[in-house]
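Quick notes on the structure that follows.
In my numbering, the protein residues as written are 1 to 344.
Here it is as structure tokens:
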């Protein structure tokens, strides 16, 4: 029997970053010498992908972000005493080397998101995911981001096992004309918008054999900006959030993150993950509300008002926003989340 007690929903809080506008032109050379980069704030140090239950990384990783009318920029600095890379062919699986990875969802609905991976040779793997793999998504690896600019700087010597290096850095400029390609025309406004984003650093432990770096037969380490709770980068609802500020870099940053909508999104994705697990284990979706949420679940001290339609092959949830009852949120078997505002 279900408890009559009310349950106030709690959620994992991902990282946030306020991305400000540039004040000078950026040369993509991996150095970040420009005034804009000097004024931009560093992110928090990267943590293990599984979060606080795992030890903190033993090497420091941070990232900065900027934007202008033409590009989204990031600059990452990766502490590393032994810098190596061997993959030179574009669109190979770059994370078989130590690498740095970007994941960005311009539509903020977990569909049609981009992944970019680079190693210390500045070899690129760029691809788009139609939706997460768990939802039957496909990776479009034939995608080459037109106008992409990337550069790597090495403070040390690449592939030289006889010395100790300091760090390597990655700088990139990604054109908005590509990032916004899947966004409806009427929604292609950057200023004041939030996007889902995360970064990952894949790190392999190595031995030095005959003067060469040789990977140990151990699983790779995954260090990220915003923890994913599991070794699973392709759960975009756990990525961090990026706010595109109208203010130029170096000015006082105002907090604009939509905390209320984020709570609703997290709640609705708990339902979706349960539905995906049910499909995986039983071959069908759950059609009982009580199996998905406790009947007296609260958000904003308000009982959740929601409806469920489901059969073996599909489901649809409609949830009234407890912060604004004029807005309804939706999710279905594809995993895409939307509300009445985004569909206008």
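A virtual CB, placed ideally from N, CA and C, is assigned to each residue, including glycine.
Taking C-beta atoms under 8 Å as the contact rule, residue 315 and residue 275 qualify, at a distance of about 6 Å.
Per DSSP, reduced to three states, the secondary structure at residue 113 is strand. When DSSP states are grouped into helix, strand and coil, residue 251 belongs to the coil group.
A straight line joining the alpha-carbon of residue 161 with that of residue 76 spans about 23 Å. Per the coordinates, the alpha-carbon of residue 57 lies some 10 Å from the alpha-carbon of residue 49. Rounded to whole angstroms, residue 205 and residue 93 show a C-alpha spacing of 18 Å. Under the DSSP definition of a beta bridge, residue 181 lacks any partner.
Under the three-state reduction of DSSP output, residue 323 falls in the coil class, being neither helix nor strand. Around the beta carbon of residue 126, 16 or more other beta carbons sit within 10 angstroms, so the residue counts as buried. Our two residues, residue 73 and residue 335, have alpha carbons roughly 28 Å apart in a direct line. Closest in alpha carbon position to residue 43, among 319, 17, 68 and 159, is 17. Between the alpha carbons of residue 283 and residue 234 lies a distance of about 22 Å. According to the DSSP assignment, residue 153 belongs to no alpha helix (DSSP H) but to the beta strand (DSSP E) extending over 149-155.
Put simply, of 25, 141, 300 and 245 the residue whose alpha carbon is nearest the alpha carbon of residue 261 is 300. As a beta-bridge residue in DSSP terms, residue 173 pairs with 73 and 149. By a beta-carbon distance limit of 8 Å, residue 85 contacts residue 121. Their separation comes to about 4 Å. Look at residue 229 here: in three-state DSSP terms it is coil, with no helix or strand label.
At a Cβ-Cβ threshold of 8 Å, residue 241 and residue 14 count as neighbours. In the DSSP secondary-structure assignment, residue 244 is bridged to 19. Burial check for residue 185: the Cβ neighbour count within 10 Å stays below 16, so the residue is exposed.
Per the DSSP secondary-structure output, residue 140 pairs in a beta bridge with 128.
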